[in-house]
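**Q** Input: one structure, supplied below.
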């Protein structure tokens, strides 16, 4: 589960901010201690030349909570959501819906807060060689939508990910690969953002 919603102009040096280590390190420590279970937690932290992002999703029973913080050239954006698993979808997909809040602050002006509705559809299948996961994410804030497909290879512990997201102010297509460490929930990742034209690297923890 993840949703990226920051647009970064090309060729502008990234502004480093001291609050990113303060956000990332406690989350990493807490998530590494979380046991793997049907309910779970997902954390992802990515860094590129123009953008730094942190994403958290937690599911407990039918309820899930998500948050994202993005620092990009030109401003910052934040989002939170609380979703409830819907009784529809059957064996085809898991559906979740609920309220979302977003806040964006530009370097050239005041910040702006928005409220909206978020809908997520996802499906996970175990395969002979690993796993296959697809996700579709819709958010009424800035008419944002996001599609993700992940192919996992259990032998080498590698996951290949393709995603595309758009909103009123953002568009990005991403190709990424991650490698699990010691068959655990922690993985290192790297990839390329085609619209921004930049490479990124990061870490992910997934206890689902």
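Residue numbers (this note's numbering): 156 to 363. Glycine included, each C-beta is placed from N, C-alpha and C at the ideal position.
1. So, for residue 289: in the same chain, excluding its five sequence neighbours on each side, which residues have a beta-carbon less than 6 Å away from its beta-carbon?
2. Could you say which of 225, 299, 229 and 243 lies nearest to residue 255 if we only look at CA atoms?
3. Report, in whole angstroms, the separation of the C-beta atoms of residue 295 and residue 266, which I expect to be a contact under 8 Å.
4. What residue from 233, 335 and 241 has the CA that sits closest to residue 217's CA?
5. Measure the alpha-carbon distance for residue 331 versus residue 224 and round it to whole angstroms.
6. Hey, residue 212 and residue 200: beta-carbon distance below 7 Å or not?
7. What's the C-alpha gap between residue 285 and residue 308?
8. Sort 276, 259 and 260 by Cα distance to residue 251 and report the nearest one.
9. Looking only at DSSP bridge pairs, what is residue 313 linked to?
10. Taking the C-alpha atoms as reference points, what is the distance between residue 328 and residue 319?
11. Kindly indicate which residue of 334, 348, 231 and 245 has the alpha-carbon position closest to the one of residue 262.
12. Does the beta-carbon distance from residue 359 to residue 348 come in below 7 Å?
13. Alpha carbon to alpha carbon, how far is residue 194 from residue 221? Give it in angstroms, no decimals.
14. What are the uninterrupted segments assigned as beta strand (DSSP E) that are 3 or more residues long and contained completely in the segment 191 to 274, given in chain order?
15. Determine whether the beta carbon atoms of residue 297 and residue 322 lie at a separation below 7 Å.
16. Among 324, 333 and 215, which has the Cα closest to the Cα of residue 313?
17. So residue 239 and residue 205 are in contact, right, with Cβ under 8 Å, and what is the actual spacing, rounded?
18. Determine the extent of the beta strand (DSSP E) in which residue 339 is found, giving its start and end residues.
19. Could you tell me the alpha carbon to alpha carbon distance between residue 280 and residue 287, rounded to whole angstroms?
**A** Quick look at the numbers:
1. 278 and 304
2. 299
3. That pair is no contact at about 19 Å.
4. 241
5. 20 Å
6. no
7. 5 Å
8. 276
9. Paired residue(s): 308 and 334.
10. 4 Å
11. Sorting 334, 348, 231 and 245 by C-alpha distance to the C-alpha of residue 262 places 231 at the top.
12. no
13. Distance between the alpha carbons of residue 221 and residue 194 is about 14 Å.
14. 195 to 203, 206 to 215, 218 to 227, 230 to 240 and 249 to 261
15. Taking 7 Å as the cut-off, the beta carbon of residue 297 is found closer than this to the beta carbon of residue 322.
16. Just measuring C-alpha positions, the residue of 324, 333 and 215 sitting nearest residue 313 is 333.
17. The Cβ separation is near 35 Å, so there is no contact.
18. Where residue 339 is concerned, there is no enclosing beta strand (DSSP E), given that its DSSP letter is neither H nor E.
19. Taken atom to atom, the span from the alpha-carbon of residue 280 to that of residue 287 is near 5 Å.
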